[in-house]
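J.: Each residue of the sequence shown is one higher than the last, beginning at 1 in full-length UniProt numbering.
Every residue, glycine too, gets a C-beta built ideally from N, C-alpha and C.
All values reported here derive from a predicted model rather than from experimental measurement.
Can you read through this structure? Questions will come right after.
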Amino acid sequence: MKVRMSCTGLRNLLQGLSFRAKCYSKHSPPQTMCPYSKTGPKKCHILDCSKSTCTHRTAPAGSILPCRFFSCKEGAKVPSKRKQNTSIVTSDLLHKNLLKSEQKNWNNISPTYKAMTKRIKEKLEELHNMYTLNSGSPRMKFGENVYFEENGCIFLAKADDGEGNAEILFSVEDLGFSDAFIQRIRISPDQRYMAISLKSENSEEATCIIMNLGNLPVVEKVIPSVFSFEWAANDVLYYTTQKNLKCQNVFMTTFTYQKHTKLVYTEQDARFFVDLYCTKDRRFLTINSNSKTTSEVWLVDCRHPLESPSLVQARTTGVLYHIEHRKDQLYILTTYGEPAEYKLMKAPVASSGKENWQLVYALEKKTKLVDFEMFSDDCIMFLKNAGHLYLNVISFVSHSVQSIKLPTWACEFELESHPEHTTSTCYFKLSSPVHPPKRFAYSFKENNLIEQAVQEVPIITNCHTTRLLAKSKDETLVPITVFHNKNSKELHRKPLLVHVYGAYGIDLNMSFKEEKLMLIEEGWILAYCHVRGGGEQGLSWHRDGCQHNKLKGLHDLRACITLLHQQGFSQPSHTALAAASAGGVLAGALCNAEPALIRAMVLQAPFVDVLNTMMKTHLPLTTEEQEEWGNPLEDEKCMKYIKSYCPYQNIKPQSYPSVFITAYENDERIPLTGILQYVQKLRKAALDHASRTSKKGKDKNITDKSS
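What follows is the structure in structure tokens.
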């Protein structure tokens, strides 16, 4: 169930932000809704409290999935079983009462904006169908065969035969998984087996289906609660299991001769998360154990997949690394050495310790490594510097580096699958929030970038992209990316939607979204503030905005919005702030500290109570999050610092902007109870302030429809 709550006014400002086309996928981190899911939209509930006056609005269910990395479920440790049971009952009752109140208000107010809801929904579906139907799905080429997925089915076609004669290998519905979507596909080296992970919208855990692709494809095995998996050999599959949002065990299973499954690796440190990867040349399968700041990698030799893994380099606090392989050399993408940014190094397979790592290439200062792809004689790095995307081609033959600046409108890229590392061309797509994906190819032979033939979709010609730098409180320059309609006049009168995230070293999601294009067409200005805590300018940019530096992100956001207004982009009375997940920390903090700077705030599955969450170590991901937020249980200064900016802790009676919140029931990462309590406290503060100002004669039109 999806639940929506809000404390609003400025209805026109928010109406266009509350919807998502039904086949829409989320950033973040880490979860994606399948475009072909048969699951219908879920009912949602909205409650609006505009400053002191509670009014109501409606919005149909969307399909954005929450992206925060840990739970903020309420609850406290108790000394006895009896008390614990009583606490659980009390908490459940509180949750049900709060939810019932929101549902009641939703039922009362949902008809009010029926016509507006219908118009916006129809427009979004029109745009979605226009762009999604032309985007196509990724193709995976193995020799003469091409594998691809459409409408919940996996197809096999001959590369030279066209897709009209494609054979269906797998169907989600035929196996009775109609409510699930395909998350990952891995083909065995001899193409005899295919491993598929299926995941439903309402579950964190996936199911792995192994198909035998003989004359008639059949299910060979089903493995529950799987996160990642890779083929080490034709009939040897390695996989990780997931429990309570953690992956700490690696298993190996075989499918021919003596079939068996055994535990290969167990991670003991709760801060670390384990996943699997195969080097591009398929020489090694890597077992990667990572915290947010530290890595350790074990190698499985794919020529001897049943042998025990070997350690590359023991974990060293603060050092991240990732392994590729070429001609008996390990190529190591790592933060080892100074400066503590990513660099490419190499070492012999037989002597892989960091004392033998030799520098191949180092990134420039304030450069973000977006992605890395290995080929037989070259590697490609996708980089971001000063808001622009670059493609760096490193030749292992000529020992040269070529840097290519990608189109200025590009903000995001998607690297296509390249199973054959000997290929002579690298394919990828570029996009922005208002530019649908365009396919490009880099040819190693021709040494040039080629824009592929585009399909018949509308060309975006009336959108202007501007990049600004805002000076923060400590003089640091913070990048801003702005989009607006070229034909718009009097920009200071136009509505402005500001986006922020600023956590985990993750960039703001700037991939194409139909609703952003709709807003541009209707005269909106879109601004993306790349504040510290995010990763837009490298690892140091993240370090400057986490733990005891978190307030720097708040100062950055304040400076960005102020500069936008000074430059003539809208004004406070027409400005809305949007954030999802952990971005809710900075957005909520600004709402408390500078409520007059914005008119409305839109939060999707927000993290709004940092202090209480980080003091509850029984929650599944709290321990590993200490590297981002600190440990208030053991550090009193950390506790006071978190309390100084935590949105929930700093709510006070004052005139608040309009607030619209989307939350999700049964969400393990951000449970609904904590958000309901945040809304309750925020509403009470707004009403208290309104009551005081009313008694002074400043406001005589106060109603409360929240009960």
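#1: Less than 7 Å between the beta carbons of glutamate 446 and lysine 429, yes or no?
#2: Let me know the secondary structure DSSP gives arginine 692 once reduced to three states.
#3: With C-beta atoms as the reference, is glutamate 338 less than 7 Å away from threonine 279?
#4: How many Å lie between glutamate 205 and threonine 613 at the Cα?
#5: Rounded to whole angstroms, what's the CA-CA distance from valine 3 to arginine 326? Just pull it up for me.
#6: On a CA-only basis, which of Tyr257, Ala340, Thr335 and Phe251 is nearest valine 300? Give me that one, please.
#7: What does DSSP give as the partner residue(s) for aspartate 275 in the beta ladder?
#8: Alpha carbon to alpha carbon, how far is methionine 510 from serine 581? Give it in angstroms, no decimals.
#9: So the candidates are Thr425, Asp328, Thr334 and Tyr361; which of them puts its Cα closest to the Cα of phenylalanine 375?
#10: Taking 7 Å as the limit between beta carbons, can you name the residues of its chain near leucine 369, skipping five residues before and five after?
#11: Report all residues from its chain with a CB closer than 6 Å to the CB of glycine 584; omit the five preceding and five following residues, and keep chain order.
#12: Is isoleucine 506 helix, strand or coil when you go by DSSP?
#13: Could you pull out every unbroken beta strand (DSSP E) segment of at least 3 residues lying fully inside the segment 128 to 198, listed in chain order?
#14: Can you give me the C-alpha to C-alpha distance between alanine 270 and glutamate 628, rounded to a whole angstrom?
#15: For a minimum of 3 consecutive residues, which ranges assigned as the beta strand (DSSP E) are wholly contained in the segment 603 to 683?
#16: So, with DSSP's three-state summary, where would you put leucine 469?
#17: Would you kindly work out how many angstroms separate the C-alpha atoms of proline 437 and leucine 127, rounded to a whole number?
#18: Just the Cα atoms here: how many angstroms apart are glutamate 665 and proline 671?
#19: Apply the 10 Å Cβ neighbour rule to alanine 314 and answer buried if 16 or more other Cβ atoms are within range, or exposed otherwise.
#20: Under the assumption that alanine 527 contacts isoleucine 480 (Cβ atoms under 8 Å), give the Cβ distance between them as a whole number of angstroms.
#21: Per DSSP, what kind of secondary structure is tyrosine 113 in: helix, strand or coil?
#22: Look at alanine 600 and serine 658 and say whether their C-beta atoms are less than 7 Å apart.
#23: What does a CB cutoff of less than 8 Å around threonine 317 pick up in its chain, not counting 5 residues either side in sequence?
#24: Can you give me the C-alpha to C-alpha distance between glutamine 680 and leucine 93, rounded to a whole angstrom?
#25: In this structure, how does DSSP classify isoleucine 380 when only helix, strand and coil are distinguished?
#26: Compute the Euclidean distance between the alpha carbons of isoleucine 209 and alanine 159, then round it to the nearest angstrom.
#27: Could you tell me the boundaries of the beta strand (DSSP E) in which arginine 326 lies?
#28: Go ahead and pull the three-state DSSP assignment for asparagine 202.
#29: Can you check DSSP and say which residues form a bridge with methionine 374?
#30: In terms of residue numbering, what span does the alpha helix (DSSP H) encompassing glutamine 566 cover?
#31: I need the DSSP call for leucine 333, collapsed to helix, strand or coil.
#32: Helix, strand or coil for leucine 526, going by three-state DSSP, please let me know.
#33: Below 8 Å on the Cβ atoms is my contact criterion, and I expect arginine 532 with glycine 502 to pass it. Report the Cβ-Cβ distance as a whole number of Å.
#34: Leucine 449 and isoleucine 404 - do their beta-carbons sit closer together than 7 Å?
#35: Do you know how far the Cα of leucine 98 is from the Cα of glutamine 677?
#36: Within the continuous alpha helix (DSSP H) that includes arginine 543, where are the two ends?
T.: Considering the structure as presented:
#1: One-based indexing of the sequence shown puts residue 446 at position 446. One-based indexing of the sequence shown puts residue 429 at position 429. It is not a contact, given that the beta carbons lie outside the stated cut-off.
#2: Sequence index remark: in the sequence shown, residue 692 carries index 692 (1-based). Correct three-state label for arginine 692: helix.
#3: Your numbering for residue 338 matches position 338 in the sequence shown. Your numbering for residue 279 matches position 279 in the sequence shown. Result no, Cβ atoms of glutamate 338 and threonine 279 do not sit closer than 7 Å.
#4: What you label residue 205 is simply residue 205 of the sequence shown in a count that begins at 1. What you label residue 613 is simply residue 613 of the sequence shown in a count that begins at 1. So the alpha carbons of these two residues sit roughly 22 Å apart.
#5: What you label residue 3 is simply residue 3 of the sequence shown in a count that begins at 1. What you label residue 326 is simply residue 326 of the sequence shown in a count that begins at 1. In this prediction, valine 3 scores a pLDDT of 40, lower than 50, which makes its location untrustworthy; no coordinate-derived value is stated.
#6: Residue 300 sits at position 300 when you count from the first residue of the sequence shown. Cα-wise, what sits closest to valine 300 is Phe251.
#7: Indexing the sequence shown from 1 puts residue 275 at position 275. The partner list for aspartate 275 (beta bridge, DSSP) reads Asn288.
#8: Counting from 1 along the sequence shown, the entry for residue 581 is found at position 581. Counting from 1 along the sequence shown, the entry for residue 510 is found at position 510. In a straight line, the C-alpha of serine 581 is about 15 Å away from that of methionine 510.
#9: The residue given as residue 375 occupies position 375 in the sequence shown. Minimum Cα distance to phenylalanine 375 is reached at Thr425.
#10: Working through the sequence shown from its first residue, we reach residue 369 at position 369. If we look at leucine 369 and ignore the five residues flanking it on each side, its Cβ neighbours are Tyr342, Leu363, Met381 and Leu383.
#11: Position 584 of the sequence shown holds residue 584. Closer than 6 Å at Cβ, skipping near neighbours: Leu603, Pro606, Phe607 and Val608.
#12: In the sequence shown, the residue the question calls residue 506 occupies position 506. DSSP places isoleucine 506 in coil when its eight states are reduced to three.
#13: 139 to 142, 145 to 150, 153 to 158, 167 to 171 and 180 to 187
#14: Position 270 of the sequence shown, counted from the first residue, corresponds to residue 270. Position 628 of the sequence shown, counted from the first residue, corresponds to residue 628. Taking the straight line from one Cα to the other gives about 15 Å.
#15: 658 to 664
#16: If you number the sequence shown from 1, residue 469 lands on position 469. The answer is strand: DSSP assigns leucine 469 an E or B state.
#17: As a working mapping, residue 437 is identified with position 437 in the sequence shown. As a working mapping, residue 127 is identified with position 127 in the sequence shown. One C-alpha to the other measures close to 14 Å.
#18: Counting from one through the sequence shown, the residue named residue 665 turns up at place 665. Counting from one through the sequence shown, the residue named residue 671 turns up at place 671. Their Cα atoms are separated by approximately 7 Å.
#19: Here the question's residue 314 lines up with position 314 in the sequence shown. So alanine 314 ends up on the exposed side.
#20: As a first step, residue 527 is located in the sequence shown; it is residue number 527 there, counting from the start. As a first step, residue 480 is located in the sequence shown; it is residue number 480 there, counting from the start. That pair is a contact at about 6 Å.
#21: The residue you call residue 113 lines up with position 113 of the sequence shown. Reduced to three states, the DSSP call for tyrosine 113 is helix.
#22: The sequence position of residue 600 within the sequence shown is 600, counting from 1. The sequence position of residue 658 within the sequence shown is 658, counting from 1. Contact: yes.
#23: Indexing the sequence shown from 1 puts residue 317 at position 317. Cβ within range, chain order: Thr293 and Thr294.
#24: Sequence index remark: in the sequence shown, residue 680 carries index 680 (1-based). Sequence index remark: in the sequence shown, residue 93 carries index 93 (1-based). Distance between the alpha carbons of glutamine 680 and leucine 93 is about 15 Å.
#25: In the sequence shown, residue 380 corresponds to position 380, counting from 1. Correct three-state label for isoleucine 380: strand.
#26: Within the sequence shown, numbered from 1, the residue matching residue 209 stands at position 209. Within the sequence shown, numbered from 1, the residue matching residue 159 stands at position 159. If you take the alpha carbons of isoleucine 209 and alanine 159, they lie about 25 Å apart.
#27: The count along the sequence shown starts at 1 and reaches residue 326 at position 326. Looking at the DSSP string, the run of the beta strand (DSSP E) that includes arginine 326 is 321 to 326.
#28: Residue numbering aside, residue 202 sits at position 202 when the sequence shown is read from its first letter. Coil.
#29: Along the sequence shown, read from residue 1 onward, the residue named residue 374 stands at position 374. For methionine 374, which the question treats as bridged, DSSP gives the partners Cys379.
#30: Numbered from 1 along the sequence shown, position 566 holds the residue referred to as residue 566. Where glutamine 566 is concerned, the enclosing alpha helix (DSSP H) stretches over 550 to 566.
#31: Your numbering for residue 333 matches position 333 in the sequence shown. Residue state, collapsed to three classes: strand.
#32: The residue you call residue 526 lines up with position 526 of the sequence shown. Looking at leucine 526 - three-state DSSP - the assignment turns out to be strand.
#33: Numbered from its first residue, the sequence shown carries residue 532 at position 532. Numbered from its first residue, the sequence shown carries residue 502 at position 502. Right, their Cβ atoms sit about 7 Å apart.
#34: Counting from 1 along the sequence shown, the entry for residue 404 is found at position 404. Counting from 1 along the sequence shown, the entry for residue 449 is found at position 449. Yes, the Cβ-Cβ distance between isoleucine 404 and leucine 449 is below 7 Å.
#35: As a first step, residue 677 is located in the sequence shown; it is residue number 677 there, counting from the start. As a first step, residue 98 is located in the sequence shown; it is residue number 98 there, counting from the start. Looking at the two C-alpha atoms, the distance is approximately 8 Å.
#36: On the sequence shown, residue 543 is found 543 positions in, with the first residue counted as 1. Note, arginine 543: alpha helix (DSSP H), 539 to 543.
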